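A.B. asks:
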Ligand code: 13P
Ligand code: SF4
């Protein structure tokens, strides 16, 4: 950390950051807060001075999410926000593909990622060259790409989706193209989970999220034995048997909405660890059971490197203009769809389709 005076926990800093402390005090110890609060105050000052905003994903730690995030949410919400915000600088508190998506949508803005090594196992599972081969193998079928991909991959595809709208996107593109099968890449589990909710045939790639693939149906049974009253919410990047054993599945935003609107007494979020802390700060009447897996990529982002990003304008994310232009079409087509009626509701009643998934 930089010089001691600037980052001292003074009475002024304490007063300035009090509203944030009130929100996070059940999740951050007073000792940690004394270290975080001066940095949070300094980051918020720098943002104002530089006309910068911080887009913070739901998997950021609570100090970042509630302390410095100007816009927080799931991948879909952050992409929409990047497209409409009028800041000069976007600091992406998330992983590299999210920063690329922001750059693709806002080529005129400076997009910074505090740690350029914040990757994603799904994004690194496939390349643009792979997608070109897939298209040769399945001519005439639209390619739907999960936003968890590089700009290079998005540039080869027809439309993007997130876990909040994947079923809607698949059905809409199949309708527009007049086809009964769609290529949905690169997350095998998202593809399988979408296939359970639609009659459209799905061709899938074998990419996996290294965080969600580790949950098992046995984990859910163990949780139910230990906490019989708990409602279990799972992310659609989990294996299908995990979703089948859960009460609800949806994107991180859909889980957040579920907890805040239905106010379950006890809940389990089957997803990345920070998610529960961030929702819990707003859901004071809900008890959270906390089995979780850490995303090592998301956890590369810290208050310290966000501060460094703002001070040194680092690390700038660029996308080659020709790639960006084609990738933008795929992302914009998704953004232009009407907002999902019920964001990523994995409806267990509707999920009765014969699962027609062809793995490439
Ligand atoms: P969503 O926030 O879109 O649900 O995505 C989860 C995720 O794994 C992002 O990396
Ligand atoms: Fe990628 Fe999974 Fe980490 Fe999200 S949680 S960034 S999908 S590895």
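Residue numbers (the working numbering): 132 to 491. Note that CB positions come from ideal geometry on N, CA and C, so glycine has one too. Please read all numbers here as calculations on a predicted model, not as lab measurements.
Take the Cβ of residue 263 as the centre, count every other Cβ of all protein chains shown within 10 Å, and call the residue buried at 16 or more, exposed below.
C.D. replies: exposed
A.B. asks: By a C-beta neighbour count over all protein chains shown, 10 Å radius and 16 as the cutoff for buried, is residue 279 buried or exposed?
C.D. replies: buried
A.B. asks: Per the contact definition of three or more C-beta pairs closer than 8 Å, is the stretch 177-193 in contact with the stretch 398-408?
C.D. replies: yes
A.B. asks: Once DSSP output is grouped into helix, strand and coil, what is the label at residue 312?
C.D. replies: DSSP places residue 312 within a strand segment (E or B) once states are collapsed to three.
A.B. asks: Compute every distance between the C-beta of residue 303 and the non-hydrogen atoms of the ligand SF4, then say whether any falls below 6 Å.
C.D. replies: no
A.B. asks: Taking the alpha-carbon positions, what's the residue 433 to residue 171 distance?
C.D. replies: 11 Å
A.B. asks: Considering only C-alpha positions, which residue in the set 298, 215, 275 and 345 is nearest to residue 291?
C.D. replies: 275
A.B. asks: Leaving aside the five residues before and after residue 241 along the sequence, list all residues of the same chain whose C-beta is less than 8 Å from its C-beta, in chain order.
C.D. replies: 219, 220, 221, 444 and 447
A.B. asks: Tell me where the alpha helix (DSSP H) around residue 437 begins and ends.
C.D. replies: Here the alpha helix (DSSP H) through residue 437 covers 434-443.
A.B. asks: Would you tell me roughly how many angstroms separate the C-alpha atoms of residue 162 and residue 151, rounded to the nearest one?
C.D. replies: 15 Å
A.B. asks: Tell me the start and end of each unbroken alpha helix (DSSP H) in the stretch 136-184 that is at least 4 residues and wholly inside, in chain order.
C.D. replies: 142-147, 149-155 and 161-181
A.B. asks: Kindly examine the ligand 13P and report whether one of its heavy atoms sits closer than 6 Å to the Cβ of residue 408.
C.D. replies: no
A.B. asks: Within the stretch 189-217, note down every full beta strand (DSSP E) run reaching 3 residues or more, in order along the chain.
C.D. replies: Counting whole runs of 3 or more residues, the stretch 189-217 contains the beta strand (DSSP E) stretches 202-204.
A.B. asks: Can you tell me whether residue 298 is buried or exposed, with buried defined as 16 or more other CB within 10 angstroms of its CB?
C.D. replies: buried
A.B. asks: Using 7 Å as the threshold, is the C-beta distance between residue 204 and residue 384 below it?
C.D. replies: yes
A.B. asks: Return the CA-CA distance between residue 138 and residue 169, expressed in angstroms with no decimal places.
C.D. replies: 5 Å
A.B. asks: Name the DSSP bridge partner or partners of residue 491?
C.D. replies: The partner list for residue 491 (beta bridge, DSSP) is empty, contrary to what the question assumes.
A.B. asks: When the distance is taken between beta carbons, is residue 331 closer than 7 Å to residue 305?
C.D. replies: yes
A.B. asks: Does the beta-carbon distance from residue 244 to residue 254 come in below 7 Å?
C.D. replies: no
A.B. asks: When the Cα atoms are used, what is the spatial distance from residue 184 to residue 357?
C.D. replies: 42 Å
A.B. asks: Any idea if residue 149 is buried or exposed, counting beta-carbon neighbours within 10 angstroms, 16 or more meaning buried?
C.D. replies: exposed
A.B. asks: Report yes if the C-beta of residue 403 is less than 6 Å from at least one heavy atom of the ligand SF4; otherwise report no.
C.D. replies: yes
A.B. asks: Which class does residue 186 belong to by DSSP, given the choice of helix, strand or coil?
C.D. replies: strand
A.B. asks: Suppose you measure from the CA of residue 481 to the CA of residue 310; what does that come to, to the nearest Å?
C.D. replies: Summary for residue 481: the model assigns pLDDT 47, below 50, so the residue's position carries little reliability; its value from the coordinates is reported in the next sentence. Going by the C-alpha atoms only, they are around 21 Å apart.
A.B. asks: Closer than 7 Å is what we want: which residues have a beta carbon that near any heavy atom of the ligand SF4? List them in chain order.
C.D. replies: Having a Cβ closer than 7 Å to some heavy atom of the ligand SF4 are 190, 226, 251, 252, 253, 254, 279, 340, 341, 342, 343, 368, 403, 426, 428 and 429.
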